Amino acid sequence: MLVKLSASVLAGLLLVAPAAGAQDINDAQIASIVVTANQVDIDAGELAAKMSANAEVKKFAERMITDHKGVNKSAVDLVTKLKVTPEDNATSKALKDGGEKNLANLKKLKGAAFDKAYMDHEVAYHTQVLEAVDKTLIPNAKNAELKALLVKVRPAFVAHLEHAKQVASSLKAAN
Amino acid sequence: MTRRVLLTALALLIGSAGAGAAQKKAPKPVTHTVTVDATSFQPATLTLAAGDSVVWVNKDIIPHTATSAKKGIFDSGTIATGESWKHTFKTAGDLAYICQFHPTMKGSLKIK
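For the protein sequence lines, the chains are B and G, in the order given. Per my numbering, the very first residue in the first sequence carries number 1192; after that it's consecutive. Per my numbering, the very first residue in the second sequence carries number 4; after that it's consecutive.
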């Protein structure tokens, strides 16, 4: 009984810890994370749309460009309306650095190797972004409209993740 | 040729008889709205009568489609943000549909 209780308390603490650690994040920083996260995926999509010869990969890349541009337009419109200036922070910088590293890596690749690296990264990236949306961005957003925007776009990221997984596994099946 | 005329006449007869019987019961065709928002169809399941129309209104910030799961029945093509697409359903039956861009988006029409 005692053992069981302490195990569940421990599990509870572990679940709460990441959110508690990120509690000092403000709306200006959240805005910067949102804009950066979208831009990073637009940049990767533009490279893939140009580089890939695979119809499914190209279609996915074009969807990423369209959707993430749509999300960014709404995000920029909202922060302009709210008079919030996006503020750089550790998370947005890490996203930007990660995006640049991914582009540099992809630029060295061609053909099937490029497609695989791009799609695998998209699966990992959307997983990571969804985790940030759920654990950090939505719980910490103070402005109701900013929170509503995050809630509204979340299902699109889920759809992107499913789409990325499907294309990534179709590449594996083809090889 | 004669056969086609006969068939057409027959179809007209059946059609008008059917319409006559249905006219008392069936109300005027209705246009139903499906709101497309947050990468979902709202309502996800819609019941309508044969002859009714459905208009999909995209209130989301990204483009979507309303496309029958079974190919070739209906396909809106791209519905951009703020735009809509209307289609009339003449035949009874259950139709599943998706967004071609986001196949996690699922909807269904129950046409009575």
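For each residue, glycine too, the CB sits at the ideal point set by N, CA and C. This structure is a prediction, so every number in the text was calculated from the model and none was measured.
Using the Cβ count rule (16 or more neighbours within 10 Å means buried), how would you classify residue i?
| i | result |
| --- | --- |
| residue 30 of chain G | exposed |
| residue 1277 of chain B | buried |
| residue 43 of chain G | buried |
| residue 1270 of chain B | buried |
| residue 1313 of chain B | buried |
| residue 1220 of chain B | buried |
| residue 1241 of chain B | exposed |
| residue 1296 of chain B | exposed |
| residue 1360 of chain B | exposed |
| residue 1232 of chain B | buried |
| residue 1266 of chain B | buried |
| residue 1261 of chain B | buried |
| residue 75 of chain G | exposed |
| residue 89 of chain G | exposed |
| residue 1343 of chain B | buried |
| residue 1288 of chain B | exposed |
| residue 1228 of chain B | buried |
| residue 63 of chain G | buried |
Is there a Cβ of chain B sitting closer than 7 angstroms to that of residue i, yes or no?
| i | result |
| --- | --- |
| residue 101 of chain G | no |
| residue 104 of chain G | yes |
| residue 41 of chain G | yes |
| residue 38 of chain G | no |
| residue 65 of chain G | yes |
| residue 107 of chain G | yes |
| residue 24 of chain G | Per-residue confidence for residue 24 of chain G stands at a pLDDT of 48, beneath the threshold of 50, marking its modelled position as unreliable; the derived number appears in the next sentence. For residue 24 of chain G, the answer is no, since every Cβ of chain B falls outside 7 angstroms of its Cβ. |
Please confirm whether residue i has its beta-carbon closer than 7 angstroms to some beta-carbon of chain G.
| i | result |
| --- | --- |
| residue 1235 of chain B | no |
| residue 1346 of chain B | yes |
| residue 1353 of chain B | yes |
| residue 1350 of chain B | yes |
| residue 1265 of chain B | yes |
| residue 1268 of chain B | no |
| residue 1372 of chain B | Examination of residue 1372 of chain B is not possible in this model, given that chain B is present from 1192 through 1366 alone. |
| residue 1343 of chain B | yes |
| residue 1162 of chain B | Residue 1162 of chain B falls outside the range modelled here, since chain B spans only 1192 to 1366, and no answer is possible. |
| residue 1290 of chain B | no |
| residue 1213 of chain B | Residue placement at residue 1213 of chain B is flagged as unreliable, the pLDDT there being 49, under the threshold of 50; the coordinate-derived value follows with that caveat. No, no contact with chain G. |
Which one or two residues does DSSP pair with residue i in a beta bridge?
| i | result |
| --- | --- |
| residue 97 of chain G | G/113 |
| residue 90 of chain G | G/57 |
Excluding the 5 residues flanking residue i on each side, which residues of the same chain have their C-beta closer than 8 angstroms to its C-beta?
| i | result |
| --- | --- |
| residue 1354 of chain B | 1251, 1254 |
| residue 1248 of chain B | 1239, 1306, 1309, 1310, 1358, 1362 |
| residue 54 of chain G | 29, 32, 91, 92, 93 |
| residue 49 of chain G | 35, 37, 57, 110, 111, 112, 113 |
| residue 95 of chain G | 53, 114, 115 |
| residue 1301 of chain B | 1242 |
| residue 1258 of chain B | 1347, 1351 |
| residue 70 of chain G | 77, 78, 79, 100, 101, 102, 103 |
Is any non-hydrogen atom of the ligand COA found closer than 6 angstroms to the C-beta of residue i, if you look at the structure I gave you?
| i | result |
| --- | --- |
| residue 95 of chain G | With respect to the ligand COA, the structure shown offers nothing to examine, as it has no ligands at all. |
Enumerate in chain order the residues of its own chain whose CB-to-CB distance from residue i is below 6 angstroms, with the five nearest sequence positions on each side excluded.
| i | result |
| --- | --- |
| residue 1307 of chain B | 1362 |
| residue 1245 of chain B | 1306 |
| residue 85 of chain G | none |
| residue 1337 of chain B | 1218 |
| residue 1216 of chain B | 1331 |
| residue 41 of chain G | none |
| residue 51 of chain G | 35, 114 |
Kindly list the residues whose CB is nearer than 7 angstroms to the CB of residue i, restricted to its own chain and excluding five residues on each side of it in sequence; keep chain order.
| i | result |
| --- | --- |
| residue 1230 of chain B | 1263 |
| residue 1223 of chain B | 1277, 1278, 1279, 1280, 1283 |
| residue 87 of chain G | 58, 59, 60, 61 |
| residue 1256 of chain B | 1233, 1236, 1237, 1240 |
| residue 1341 of chain B | 1324, 1328, 1329, 1332 |
| residue 81 of chain G | 66, 68 |
- Query: Fully enclosed by the region 22-82 of chain G, which beta strand (DSSP E) runs are 3 residues long or longer?
  - Reply: Entirely contained in the region 22-82 of chain G, the beta strand (DSSP E) runs reaching 3 residues are, in chain order, 34-40, 43-45, 48-51, 56-61.
- Complete alpha helix (DSSP H) runs within the region 1285-1346 of chain B (minimum length 4 residues, chain order): 1302-1323
- Message: Extract the residue ranges of the alpha helix (DSSP H) inside the region 1205-1272 of chain B, only unbroken runs of 4 or more that lie entirely within it.
- Response: Scanning the region 1205-1272 of chain B from its first residue to its last, the whole alpha helix (DSSP H) runs of 4-plus residues come out as 1218-1242.
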